[in-house]
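Numbering (my numbering), first residue to last: 5 to 601. C-beta: ideal position from N, C-alpha, C; glycine also. For clarity, every value in this text was computed on a predicted model and none was experimentally measured. So the structure is just underneath, and the comments pick up after that.
Put into structure tokens, the structure is as follows:
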């Protein structure tokens with residue numbers, strides 16, 4: 005029996021009972037001469053190599069492990085038509101394909117997609133035939149700096165803070181037979197102060213009249229049922245949850261949802277989901293979760309694995325990263341330059357880890373780059389809107405994609421503000437950081453600063469004036485970058501140091517002549533004991549800065565040449581977990597006490 009990789013249901017907040025996982029062995033080909041379309045590689049011919057989906061060809065788990073740049077690749081596989089699919093739409097889902105692709109079924113082009121971190125699907129029922137069917141995928145992944153790419157190197161080789169690329173399929177592919185009149189989308193908004201959930205159910209094909217039912221479960225107990233009829237393509241439900249239990253990192257309580265679509269009393273479609281009731285607010289320089297000031301103790305999480313790069317090797321690997329971050333005493337993670345697999349967000353929801361949702365950025369600006377970014381970011385926010393763990397959106401980081409924002413480039417400044425406005429329109433309930441790290445505009449909800457000052461003493465000295473009630477420093481730690489760009493200013497927003505630390509242990513196992521291949525712009529130590537002492541020194545100093553309401557330590561794991569993780573690349577701790585937790589647990593206690601008077 006073949007073992008299918010990543011065989012868990014890939015979309016945990018919108019599940020149907022019937023589905024077919026298409027992960028596993030696919031045919032594969034490089035198309036460096038870009039001749040596949042002209043020669044008709046979609047016509048049913050066999051491709052020369054095999055690849056294990058959903059792992060990128062650059063990774064060892066794919067079975068190929070070729071790190072070289074190949075900007076065009078092809079995938080193909082056959083599948084048998086299932087008789088029970090007759091009379092239904094059949095959705096072909098891709099969790100994520102980096103970056104642009106076209107899909108053929110039995111030689112017919114069914115559609116395409118652009119955006120390497122977001123899902124897409126096609127109804128392929130019109131193209132299916134009895135017996136064997138052929139799916140073919142052509143992927144373009146250019147090295148263009150204007151393409152939203154996150155930490156993927158534009159040279160294809162890891163250097164500095166960039167890593168090997170991930171090309172092609174890197175999340176689950178699956179088929180889902182569905183009725184033509186079905187539930188298309190579910191949008192969940194918690195209303196904790198009213199002990200309720202607002203549900204918006206969107207229908208794929210409106211009918212003369214249909215009924216939607218929503219059941220809410222607390223474990224095995226049915227606690228609420230709401231039913232409503234309509235002729236519209238969308239319906240709103242307001243679901244009271246008696247004696248509601250709120251979601252928080254300390255008590256990540258989730259309610260299970262079952263949504264049914266009926267016509268003339270007959271069940272047409274049914275999906276399962278879940279929700280957490282919680283509020284996120286900003287007040288007097290603090291971030292409040294459920295009305296309580298919460299000192300954010302976050303860790304920077306790149307979401308890379310040595311054997312599979314952007315693609316998580318297993319669902320257990322995603323869960324393990326959440327579990328170890330919590331075990332270390334962190335209450336949140338900033339998923340850096342990546343829109344992560346929804347299964348990671350599921351584990352953050354279930355286990356209780358706050359998340360800053362961040363977009364993969366481009367490296368240069370142009371009107372076309374703006375368009376590519378905005379289109380993909382909008383889809384990312386809509387995909388992840390329902391997750392209670394996400395408490396903040398971060399579209400831009402360190403002016404990546406807007407490199408001249410502080411030099412009077414009006415279009416780039418306007419773009420940063422536009423992205424915040426767009427995000428607020430999509431989600432008015434979460435705060436938004438316009439440009440994490442420095443060069444903020446007037447519209448940011450939180451003032452975030454990246455500061456790799458090496459010692460606690462230097463950190464206190466840098467912010468001594470601010471700690472006494474003075475303004476923030478006009479310049480940041482890195483290369484004289486402005487804290488605010490083009491005349492924008494701090495207006496009392498919460499202040500957080502969202503990249504700090506970054507200490508690496510000097511690799512004495514590596515000849516010193518090769519140390520320059522490592523990224524070492526941050527502080528370095530000689531051993532575990534020094535790393536723990538440096539961490540304690542820095543965190544104690546940051547905790548003493550009363551105006552700072554949270555931090556993010558760089559970083560959870562080593563990645564390639566960037567070896568400043570608290571864990572090695574293969575997730576082995578460099579510091580005893582209990583010692584790290586002991587330090588983190590007491591951080592923020594003074595601020596919490598002052599918030600309670």
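Closest by C-alpha distance to residue i, when choosing among the options
i	options	result
residue 223	257, 213, 167, 214	257
residue 585	9, 243, 331	331
residue 501	179, 167, 555, 348	555
residue 362	341, 373, 374, 354	341
residue 290	475, 13, 299	299
residue 553	308, 142, 287	287
residue 304	557, 169, 343	557
residue 10	160, 320, 270	320
residue 326	14, 351, 107, 455	351
residue 44	70, 131, 142, 125	142
residue 98	149, 24, 37, 278	24
residue 499	450, 490, 459	450
residue 111	220, 271, 49	49
residue 401	443, 234, 568	443
residue 283	294, 139, 275	294
residue 471	338, 546, 559	546
residue 215	194, 263, 182	263
residue 91	128, 75, 144, 41	128
residue 54	46, 260, 68	68
residue 133	505, 85, 140, 146	85
residue 117	94, 136, 130, 145	145
residue 76	147, 21, 16, 136	147
residue 186	568, 159, 162, 239	239
residue 441	154, 503, 510	503
residue 436	260, 396, 417, 477	396
residue 220	36, 232, 201, 236	201
residue 51	19, 16, 140, 93	140
residue 95	169, 337, 62, 178	178
Supposed close pair residue i, residue j - CB separation, criterion 8 Å
i	j	result
residue 366	residue 405	4 Å
residue 28	residue 57	6 Å
residue 420	residue 59	Not really, about 35 Å apart at Cβ, beyond 8 Å.
residue 587	residue 543	6 Å
residue 370	residue 65	In fact, because the Cβ distance is near 35 Å, the residues do not count as touching under 8 Å.
residue 615	residue 424	The chain is shown only over 5 to 601; residue 615 falls outside these bounds and no answer can be derived.
residue 353	residue 280	6 Å
residue 445	residue 492	5 Å
residue 70	residue 172	Between residue 172 and residue 70 the Cβ distance is about 12 Å, and since that is not below 8 Å, they are no contact.
residue 189	residue 206	4 Å
residue 183	residue 273	6 Å
residue 476	residue 494	5 Å
Start-to-end residues for the alpha helix (DSSP H) that takes in residue i
i	result
residue 375	371 to 388
residue 429	414 to 430
residue 352	346 to 355
residue 541	532 to 547
residue 330	319 to 331
residue 470	468 to 471
residue 233	First-last for residue 233: 225 to 234, but that is the beta strand (DSSP E), not the alpha helix (DSSP H).
Beta-bridge partners of residue i, as assigned by DSSP
i	result
residue 144	76, 104
residue 32	53, 79
residue 552	499
residue 138	82
residue 363	BP columns for residue 363 are empty, so no partner.
residue 562	Note: residue 562 sits in no beta bridge, so no partner.
residue 302	336, 556
residue 204	191, 240
residue 439	400
Delimiting residues of the beta strand (DSSP E) encompassing residue i
i	result
residue 219	214 to 222
residue 290	290 to 293
residue 452	451 to 454
residue 402	Counting along the chain, residue 402 falls outside any beta strand (DSSP E), and DSSP gives it neither H nor E.
residue 239	238 to 244
residue 96	93 to 98
residue 192	187 to 195
residue 275	270 to 279
residue 117	112 to 118
residue 590	Note, residue 590: premise wrong, no beta strand (DSSP E); alpha helix (DSSP H) at 581 to 590.
residue 42	Run containing residue 42: none in the beta strand (DSSP E); it sits in the alpha helix (DSSP H), 40 to 43.
residue 178	177 to 182
residue 63	Run containing residue 63: none; DSSP gives neither H nor E here.
residue 261	259 to 267
residue 124	124 to 127
Below-7 Å beta-carbon distance, residue i vs any chain C residue
i	result
residue 415	In the displayed structure, chain C is absent; only one protein chain is listed.
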